[in-house]
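Structure first, commentary second.
2 protein chains.
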Amino acid sequence: MAANLDSAVARNLGRLIVLSDAGQRYLANLTKDVIELKPRRKLIDESRPCDHIFIVISGWLSEYRQLRDGGRQILNFRLPGEVTGVDCLLYKTALHSAAALTHCTVAQISREAFEDTQRDFPRLASAFLLSGLRDGAILQEWAVNLGRRPAFPRIAHLLLELERRLRNSGLGREASVPFPLKQQDIADCTGLTTPYVNRVLQQMRGMGLISISEDSLEIRNSDELANAAGFRPDYLHASPQTEWQTRFRPETSAPAAIAAM
Amino acid sequence: MAANLDSAVARNLGRLIVLSDAGQRYLANLTKDVIELKPRRKLIDESRPCDHIFIVISGWLSEYRQLRDGGRQILNFRLPGEVTGVDCLLYKTALHSAAALTHCTVAQISREAFEDTQRDFPRLASAFLLSGLRDGAILQEWAVNLGRRPAFPRIAHLLLELERRLRNSGLGREASVPFPLKQQDIADCTGLTTPYVNRVLQQMRGMGLISISEDSLEIRNSDELANAAGFRPDYLHASPQTEWQTRFRPETSAPAAIAAM
DNA sequence: CGCCGCCTTGAGGCGCCTCAACACTCGTGG
DNA sequence: CCACGAGTGTTGAGGCGCCTCAAGGCGGCG
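Heads up: the sequence lines are chains A and B, in that order.
Going letter by letter, the first sequence gives residues 1 to 261 in our numbering.
Going letter by letter, the second sequence gives residues 262 to 522 in our numbering.
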């Protein structure tokens, strides 16, 4: 089981760099220091220092900002195989909080361990940074969503993105994918309120576009939903366009295959 | 004049890494290939390949997504000294467009030149990637803005951010800073409409918080405006928390000062 | 002069919010 | 075994923020 879950990690990072066998072993070792989180447990606290990078092994995290008036804006979800906390390398204090949505297992990588990684497997370290760039691309799409799309397409877009990301990580072989989000969570990340999210979801169900049950989501009519949302999933398919990550200090002498893409 | 403007570049990247003298010279040489842009001229076109990184020498760019219904969401502005196009290293096609807001001079760096930079001055190359991470942090703040703040604080937040970024780059020594944005631009990046932006700006002027004239912005009561906006500028002050950028292959043997911070 | 880009102002309307109340399913303890 | 409360989904009535769609003013420029 652990091997299976680790593969979600390798699958995600493997999209960003070519992982050598040695790199894979190193990664497996790097993610040995695992902690368990109960739902609602905070992992990162905004405006406090954070000196770890985390990799989600199983479960979902949410990253969010808490506002003075009690409002909350979710900035991203972290699905199995994804990395969080990279921006801590750039700022004294965390810019947002991160908390467990479900029961989670998370690998933590200390700053020192990350620095060792940079020395020993710079390409692997660079993959973490690239994943930070990918997060930026996702956030751009969210900004478009928040700024320019009405509630229905906004929610539709979110559902489509999450389904795609889950399948990219190898989760959800059946028609449906795991989906632990409450309507409150959807509201907090689409900038809407719970009652209104409820009505929109009902509408989608009524149109036969989706069905949600038992912590799982099924998208029944992907084309129509994507059309309504203006969903174009390019931004989820990172494919490095330069061999930059091989130049620093290749840990293998074989030329990388990426540049040929 | 060119030297002065180049210093905005060095000032921005210098926040992310320690630039050696050799690095500074290399950077100056790297930004030799300069192009001029008239207002409204497109630099990057979404969903088309983009194989250059650009550094703004003077003028403003806007990065935006165009929607089918004619709507537009501005995702960031590029001020003098800032870098754009980094995400092109990660995707086959550009995820957003970039166009000149004002008359601009822009240095273009080809992908090959960037790869050379990685080989010769990896720390400099890494600074470009870090600037991409900083962009992500800015975008997070915009997402909070779009999702959870009403029009008044939303616009206030934008104005405060831009003023701070401009001063960070060394622009605007007087009470006011250069400000070429039209109300249409403000609308396109706050997710509002021009008439409403107009009314909110009038309100701010009426309260004595700001004054806009002649392509320049003066913030007359920064505290009150920041309070209304919930503005906390931490996210604009990147300060690398690890010496990672020195590890790859230092071009100078002197230990970097950053790690001591 | 006449056009165009930009700011301004008004009247009317809709999307989404606010603030409830209620149903249902749990886990939990008495 | 049932009472209870917490968490979640659902529904309703009323209201406000911001939009839509105009029209008009004003300065700059060909």
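Positions of the beta carbon are idealized from the N, C-alpha and C atoms, including for glycine.
Would you say residue i faces chain A, with C-beta separation under 8 Å as the test?
i	result
tyrosine 496(B)	yes
tyrosine 457(B)	no
glutamine 334(B)	yes
arginine 329(B)	yes
glycine 503(B)	The amino acid occupying residue 503(B) in the given sequence is threonine; glycine does not appear at that position. So yes, threonine 503(B) belongs to the interface.
alanine 269(B)	no
valine 461(B)	no
arginine 395(B)	yes
glycine 275(B)	no
arginine 384(B)	no
arginine 326(B)	yes
leucine 391(B)	yes
alanine 412(B)	no
leucine 351(B)	yes
glycine 342(B)	no
valine 279(B)	no
glycine 452(B)	yes
alanine 360(B)	no
Residue j and residue i - do their beta-carbons sit closer together than 8 Å?
i	j	result
glutamine 108(A)	aspartate 33(A)	yes
glycine 147(A)	glycine 491(B)	no
phenylalanine 413(B)	alanine 355(B)	no
valine 367(B)	leucine 419(B)	no
arginine 339(B)	valine 317(B)	yes
alanine 374(B)	proline 300(B)	no
tyrosine 325(B)	serine 358(B)	yes
leucine 225(A)	leucine 201(A)	no
leucine 535(B)	serine 392(B)	What the structure shows of chain B is the stretch from 262 to 522, and residue 535(B) is not part of that stretch, so it cannot be assessed.
valine 458(B)	isoleucine 416(B)	yes
leucine 27(A)	leucine 124(A)	yes
leucine 129(A)	leucine 390(B)	yes
arginine 257(B)	serine 472(B)	No statement about residue 257(B) is possible, as the shown extent of chain B runs from 262 to 522 and does not include it.
Below 8 Å on the Cβ atoms is my guess for residue i versus residue j; work out the distance and round it to an integer in Å.
i	j	result
cysteine 349(B)	leucine 322(B)	With a Cβ gap of about 14 Å, cysteine 349(B) and leucine 322(B) do not count as contacting.
lysine 353(B)	serine 126(A)	The pair is not a contact, with the Cβ atoms about 19 Å apart (cut-off 8 Å).
serine 474(B)	proline 439(B)	Rounded, the Cβ-Cβ distance is 12 Å, inconsistent with contact.
proline 80(A)	alanine 8(A)	5 Å
proline 494(B)	arginine 425(B)	5 Å
glycine 433(B)	leucine 442(B)	At roughly 14 Å, the Cβ-Cβ gap does not stay under 8 Å, so glycine 433(B) and leucine 442(B) are not in contact.
leucine 75(A)	alanine 271(B)	Their Cβ separation, rounded to whole angstroms, is 31 Å, which puts leucine 75(A) and alanine 271(B) out of contact at 8 Å.
Would you verify that the beta carbon of residue i is, or is not, closer than 8 Å to some beta carbon of chain B?
i	result
leucine 158(A)	no
threonine 93(A)	yes
histidine 96(A)	yes
glutamine 108(A)	no
arginine 11(A)	no
alanine 229(A)	no
aspartate 45(A)	no
alanine 238(A)	yes
glutamine 183(A)	no
serine 253(A)	At serine 253(A) the pLDDT is 38, less than 50, meaning the model places this residue with poor confidence; the figure from the coordinates comes in the next sentence. Not closer than 8 Å to any Cβ of chain B, the Cβ of serine 253(A) fails to qualify, so no.
isoleucine 115(A)	Note on identity: in this sequence residue 115(A) is glutamate, with isoleucine being the wrong assignment. Output row for glutamate 115(A): interface = yes.
tryptophan 142(A)	yes
aspartate 87(A)	yes
arginine 247(A)	Since pLDDT at arginine 247(A) reaches only 42, below the 50 mark, its modelled position is unreliable, and no value is offered.
arginine 111(A)	yes
leucine 146(A)	yes
Looking at C-alpha atoms only, which residue of the options is the closest neighbour of residue i?
i	options	result
threonine 503(B)	His52(A), Asp234(A) and Ala98(A)	His52(A)
glycine 307(B)	Ala137(A), Thr102(A) and Leu43(A)	Contrary to the premise, residue 307(B) reads as glutamate rather than glycine in this sequence. Checking every option, the nearest Cα to that of glutamate 307(B) belongs to Ala137(A).
methionine 204(A)	Ser131(A), Cys189(A), Ser222(A) and Thr193(A)	Ser222(A)
glycine 59(A)	Leu67(A), Pro195(A), Glu82(A) and Gln66(A)	Glu82(A)
phenylalanine 54(A)	Gln183(A), Arg72(A), Asp188(A) and Thr31(A)	Thr31(A)
aspartate 377(B)	Leu280(B), Arg329(B), Asn290(B) and Thr455(B)	Asn290(B)
cysteine 311(B)	Gly284(B), Ile447(B) and Thr345(B)	Thr345(B)
glutamine 66(A)	Gly14(A), Asp188(A), Met207(A) and Thr194(A)	Asp188(A)
leucine 230(B)	Pro411(B), Asn429(B) and Glu422(B)	Because chain B spans 262 through 522 in this model, residue 230(B) falls outside it and cannot be assessed.
aspartate 446(B)	Asn429(B), Gly431(B), Gln334(B) and Glu402(B)	Gln334(B)
asparagine 12(A)	Glu218(A), Gly170(A), Asp69(A) and Thr193(A)	Gly170(A)
serine 330(B)	Pro195(A), Asn168(A) and Arg149(A)	Note on residue identity: the sequence assigns aspartate, not serine, to residue 330(B). It is Arg149(A).
Please tell me whether, using a cut-off of 7 Å, the distance from the CB of residue i to the nearest non-hydrogen atom of the ligand SAM is below it.
i	result
phenylalanine 128(A)	With respect to the ligand SAM, the structure shown offers nothing to examine, as it has no ligands at all.
For a minimum of 3 consecutive residues, which ranges assigned as the beta strand (DSSP E) are wholly contained in the segment 195-242 of chain A?
Listed in chain order, they are 210-213 and 216-219.
Could you tell me which whole beta strand (DSSP E) segments of length 3 or greater appear in the segment 29-60 of chain A?
If one requires a minimum length of 3 residues, the beta strand (DSSP E) runs lying completely within the segment 29-60 of chain A are 34-37, 42-44 and 52-58, in chain order.
Return the chain-ordered ranges of every beta strand (DSSP E) run that is complete within the segment 347-379 of chain B and spans a minimum of 3 residues.
If only complete runs of 3 or more residues are kept, the segment 347-379 of chain B shows the beta strand (DSSP E) at 358-361 and 365-371, in order along the chain.
Please give the ranges of any alpha helix (DSSP H) in the segment 375-438 of chain B, keeping only runs that are unbroken, at least 4 residues long and fully inside the region.
The alpha helix (DSSP H) runs of length 4 or more contained entirely in the segment 375-438 of chain B are, from start to end of the chain, 383-409 and 412-429.
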